[in-house]
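The opening residue of the sequence shown carries number 29 in this note's numbering; numbering runs sequentially from there.
All C-beta atoms in this analysis are idealised placements derived from N, C-alpha and C, irrespective of residue type, glycine included.
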Amino acid sequence: MADVDKTGSEQYSPPISSSRDLLGRVGVVCLLLLALICYLGLGAVCFSTLERTTEEIRWEEGKLAIEQLVKDLLPEESEEEIILERTANLTAVIRRLADNGNPYIYEKRENAWSYLGGLYVAVSTVTTIGYGNIYPVTMGGQMFLVVFSLIGIPLCFMFIGYLGALLASSALIPLL
29 MADVDKTGSE QYSPPISSSR DLLGRVGVVC LLLLALICYL GLGAVCFSTL
79 ERTTEEIRWE EGKLAIEQLV KDLLPEESEE EIILERTANL TAVIRRLADN
129 GNPYIYEKRE NAWSYLGGLY VAVSTVTTIG YGNIYPVTMG GQMFLVVFSL
179 IGIPLCFMFI GYLGALLASS ALIPLL
């Protein structure tokens, strides 16, 4: 870990020399981890709150559109059982065809914006993995994602950096 002296040049801090120094560095890493966990939890709550209602509306609209399409394709005197069977078949075909398209067509997608779904988006965002299979579609959710990223990505990198420095310097401590 580099320190900067009064002249602006970097000086490398010595490896951990005492248990007090080790505890101090572990304490910083633990505080950063706690801050990151709290930040991710807050993000998960915000994402699920901002996106859940829109998801439910779009899910229901999609189901109704598929049911209406099946009814339009079948003769009016068709039995309810046939309509349900054809609706299920058509829904399965649409889901397979739209595998990389509209995320609201996926099977078991109706609770993607639960707390765990929001946490998934938060973690994949701050770690910059960003799979993109779940993403905010509302303007509020998208704006929150930008602000969340601006704070969360540096926080995550700072945690990773301090953890790496701790592990690198503690590797130099002789075993007791």
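- If you compare the alpha carbons of 197, 100, 82, 116 with that of residue 141, the shortest gap goes to 82.
- In the DSSP assignment, residue 196 falls within the alpha helix (DSSP H) that extends over 167 to 198.
- Here residue 153 really is in contact with residue 177; their C-beta atoms are around 6 Å apart, less than 8 Å.
- Straight across, the Cα-Cα distance linking residue 71 with residue 179 is about 11 Å.
- DSSP, reduced to helix, strand and coil, places residue 141 outside both helices and strands of the structure shown, so it counts as coil.
- Put simply, the segment 89 to 102 does not touch the segment 153 to 172. Fewer than three CB pairs are less than 8 Å apart.
- Here the alpha carbons of residue 186 and residue 51 stand approximately 18 Å from one another.
- Rounded to the nearest angstrom, the Cβ distance from residue 68 to residue 190 is 17 Å, too far for a contact under 8 Å.
- Collapsing the DSSP output to three states places residue 78 in a helix.
- As the crow flies, the alpha-carbon of residue 76 is around 12 Å from that of residue 173.
- Within the same chain, 75, 162 come within 6 Å of residue 149 by CB-CB distance, once the 5 residues on both sides are set aside.
- Between residue 183 and residue 53, the C-beta gap is not smaller than 8 Å, which leaves the two residues out of contact.
- Residue burial annotation: residue 175 is exposed, with fewer than 16 other C-beta atoms found within 10 angstroms of its C-beta.
- Excluding the 5 residues flanking it on each side, residue 64 has same chain C-beta neighbours closer than 7 Å at 183, 184, 187, in chain order.
- For residue 147, same chain residues with a beta-carbon under 6 Å away, outside a window of 5 residues either side, are 72 in chain order.
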